[in-house]
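Number of protein chains: 2
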Amino acid sequence: MKRNTWQREAVREALGTNEGFVSAQSLHSTLRETGSSIGLATVYRALADLAVEGEADSLQSDQGESLYRACTPGQHHHHLICRNCGLTVEIEADAVEAWAHRVAADNGFTQASHVVDVFGLCATCTAQAAAAQVAPAPASPL
Amino acid sequence: MKRNTWQREAVREALGTNEGFVSAQSLHSTLRETGSSIGLATVYRALADLAVEGEADSLQSDQGESLYRACTPGQHHHHLICRNCGLTVEIEADAVEAWAHRVAADNGFTQASHVVDVFGLCATCTAQAAAAQVAPAPASPL
DNA sequence: GTCCATAATGAGAATCAGAATCAACGCGCC
DNA sequence: GGCGCGTTGATTCTGATTCTCATTATGGAC
Ligand SMILES: [Mn+2]
Ligand SMILES: [Mn+2]
Ligand SMILES: [Zn+2]
Ligand SMILES: [Zn+2]
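The listed protein sequences correspond, in order, to chains A and B. Here this note's numbering is used: position 101 in the first sequence is 210, and no number is missing along the way. Here this note's numbering is used: position 127 in the second sequence is 236, and no number is missing along the way.
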């Protein structure tokens with residue numbers, strides 16, 4: 110049977126306190142910095158398990174690194190993610206679900222699944238970028 | 110300026126003769142097997158360049174490996190991919206494009222981009238799977 | 001055609017995320 | 001309390017991708 114260990118719980122909690130998506134490596138670093146003695150392999154295992162059990166969502170960064178995030182359980186959903194700060198919004202879209210299945214069926218495909226993620230700059234980061242645009246030089250205040 | 114080398118051309122052609130998505134590693138193997146002396150690093154560089162220039166599409170496998178495929182240039186599109194044999198169908202869906210931008214805008218996000226891929230079992234592989242189901246034992250024909 | 005600056009190449013080393021090892025550990029159950 | 005076995009974690013290993021850098025070869029100049 111599956112056993113309860115403080116390590117699994119530590120990973121669950123660390124995930125929960127994090128707003129955006131995080132890698133196993135950085136989550137491990139965070140845990141270590143807060144005094145935990147948890148091992149890296151255990152973090153990888155715990156995150157993989159959480160993802161399988163539906164307690165965590167995962168996606169791959171542009172560099173192919175797996176990122177995880179605490180997940181609202183039960184419902185299928187996707188994510189709108191800020192490229193700059195990682196802020197993530199869960200989104201549902203039945204229309205897209207239907208579209209994916211229809212496209213698959215129309216082409217004779219069965220057992221359809223899909224990967225749908227939207228990226229962008231959140232309002233805060235957009236404002237920051239605009240401000241930086243006006244004053245491009247991050248130099249010293251003369 | 111960008112120079113034309115037989116290596117780039119070899120990669121372009123090898124990509125073109127391949128129906129589905131392929132990795133840099135396997136493309137390199139294929140090229141070597143056909144007598145080419147092209148280097149692995151060069152294949153990686155050529156594929157990355159082709160992707161930037163829009164001549165190739167790329168996606169990441171479940172294991173995080175980058176896969177490439179010759180691309181119908183010019184038009185934005187997505188893919189319907191057979192999990193088993195790699196058969197790929199290019200799909201367009203203005204409705205999904207619009208949805209992605211709307212979802213981003215509704216949440217105050219700018220500079221929206223998106224990742225949309227549909228996976229499944231193609232008709233051929235579905236039939237194969239069904240046949241295997243009926244006769245699960247791949248044993249010798251007695 | 002020849003020359004040259006320099007972009008491109010490729011063998012091998014370096015990186016780095018992630019998986020595999022395996023002995024020590026400790027959770028759940030009697 | 002004792003035990004079986006699922007879990008852990010330091011470490012090693014793997015494999016994809018990138019980096020190095022000496023060598024090669026493209027494309028414009030002449
Ligand atoms: Mn969906
Ligand atoms: Mn699109
Ligand atoms: Zn942001
Ligand atoms: Zn197929």
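Yeah, the Cβ is synthetic: ideal placement off N, Cα and C, and Gly gets one too.
Inset, instruction - Using DSSP bridges, identify the partner residues of residue 200 of chain B. - result: For the purposes of this step, residue 200 of chain B is taken as residue 91 along the second sequence, with counting starting at 1. Per DSSP, B:187.
**Prompt:** Can you check whether the CB of residue 115 of chain B is closer than 9 Å to the CB of residue 205 of chain A?
**Reply:** Along the first sequence, one-based indexing puts residue 205 of chain A at 96. Along the second sequence, one-based indexing puts residue 115 of chain B at 6. In this structure, residue 115 of chain B does not lie closer than 9 Å to residue 205 of chain A by Cβ.
- Is the beta carbon of residue 229 of chain B less than 9 Å from the beta carbon of residue 189 of chain B? Along the second sequence, read from residue 1 onward, the residue named residue 229 of chain B stands at position 120. Along the second sequence, read from residue 1 onward, the residue named residue 189 of chain B stands at position 80. Yes, these two residues count as a Cβ contact at 9 Å.
At a cut-off of 8 Å, would you count residue 230 of chain B as near ligand 4, judging by its Cβ distance to the nearest heavy atom? Indexing the second sequence from 1 puts residue 230 of chain B at position 121. Flag set: Cβ of residue 230 of chain B near ligand 4.
Exercise. Does the beta carbon of residue 196 of chain A fall short of 8 Å from some heavy atom of ligand 3?
Worked result: Position 87 of the first sequence, counted from the first residue, corresponds to residue 196 of chain A. Yes, ligand 3 has a heavy atom inside 8 Å of this Cβ.
query = Taking contact to mean at least 3 C-beta pairs separated by less than 8 Å, is the segment 114-128 of chain B in contact with the segment 141-151 of chain B?
reply = yes
Look at the Cβ atom of residue 131 of chain B, then the Cβ atom of residue 224 of chain A, and state whether they are nearer than 9 Å. For this step, residue 131 of chain B is matched to residue 22 along the second sequence. For this step, residue 224 of chain A is matched to residue 115 along the first sequence. Cβ atoms of residue 131 of chain B and residue 224 of chain A: not closer than 9 Å.
Inset, instruction - List the residues of chain B whose Cβ lies closer than 8 Å to the Cβ of residue 228 of chain A, in chain order. - result: Translated into the one-based positions of the first sequence, residue 228 of chain A becomes position 119. Result: 221, 222, 223, 224.
Query raised in the report: Residue range of the beta strand (DSSP E) that residue 178 of chain B falls in?
Result: Stepping through the second sequence from its first residue, residue 178 of chain B is reached at position 69. Residues 175-179.
Checklist entry - In whole angstroms, what separates the C-alpha of residue 186 of chain B from that of residue 216 of chain A? => result The residue given as residue 186 of chain B occupies position 77 in the second sequence. The residue given as residue 216 of chain A occupies position 107 in the first sequence. Their backbone Cα atoms lie some 16 Å apart in a straight line.
Using a Cβ cut-off of 8 Å, pull out every chain B residue sitting near residue 209 of chain A, in sequence order please. As a position in the first sequence, residue 209 of chain A is number 100, starting the count at 1. Within 8 Å Cβ-Cβ: 227.
- [ ] For residue 251 of chain B, name the three-state secondary structure that DSSP assigns.
- [x] Reading the second sequence from its first residue, position 142 is the one you call residue 251 of chain B. In this predicted model, residue 251 of chain B has a pLDDT of only 42, less than 50, meaning its place in the structure is not dependable; the value taken from the coordinates is given anyway. Secondary structure of residue 251 of chain B (DSSP, three-state): coil.
Assign residue 134 of chain B to buried or exposed, taking buried as 16 or more other Cβ atoms, counted over all protein chains shown, within 10 Å of its Cβ. Within the second sequence, the letter at position 25 stands for residue 134 of chain B. Classification for residue 134 of chain B: exposed.
Practice item. For residue 235 of chain A, go through chain B and note every residue whose CB falls closer than 9 Å to its CB, in chain order. Key: Looking up residue 235 of chain A in the first sequence gives position 126. Going along chain B in sequence order, the residues near residue 235 of chain A (Cβ under 9 Å) are 217, 218, 219, 220.
Exercise. Tell me whether the beta-carbon of residue 136 of chain B lies closer than 9 Å to the beta-carbon of residue 168 of chain B.
Key: Position 27 of the second sequence, counted from the first residue, corresponds to residue 136 of chain B. Position 59 of the second sequence, counted from the first residue, corresponds to residue 168 of chain B. For residue 136 of chain B and residue 168 of chain B, no; Cβs fall outside 9 Å.
- Item | Under 7 Å from the C-beta of residue 200 of chain A: neighbouring residues of chain B | Position 91 of the first sequence, counting from 1, holds the residue named residue 200 of chain A. What residue 200 of chain A touches in chain B: 212.
Is the beta carbon of residue 128 of chain A closer than 9 Å to that of residue 235 of chain A? On the first sequence, residue 235 of chain A is found 126 positions in, with the first residue counted as 1. On the first sequence, residue 128 of chain A is found 19 positions in, with the first residue counted as 1. Not in contact: residue 235 of chain A and residue 128 of chain A (Cβ atoms no closer than 9 Å).
Note to self: Against residue 205 of chain B, what residues of chain A qualify as contacts under a CB-to-CB distance less than 7 Å, listed in chain order?
What the structure shows: The count along the second sequence starts at 1 and reaches residue 205 of chain B at position 96. Those are 205, 208, listed as they occur along chain A.
Residues of chain B with CB under 8 Å from residue 175 of chain A, in chain order?
In the first sequence, counting from the first residue as 1, residue 175 of chain A sits at position 66. Those are 173, listed as they occur along chain B.
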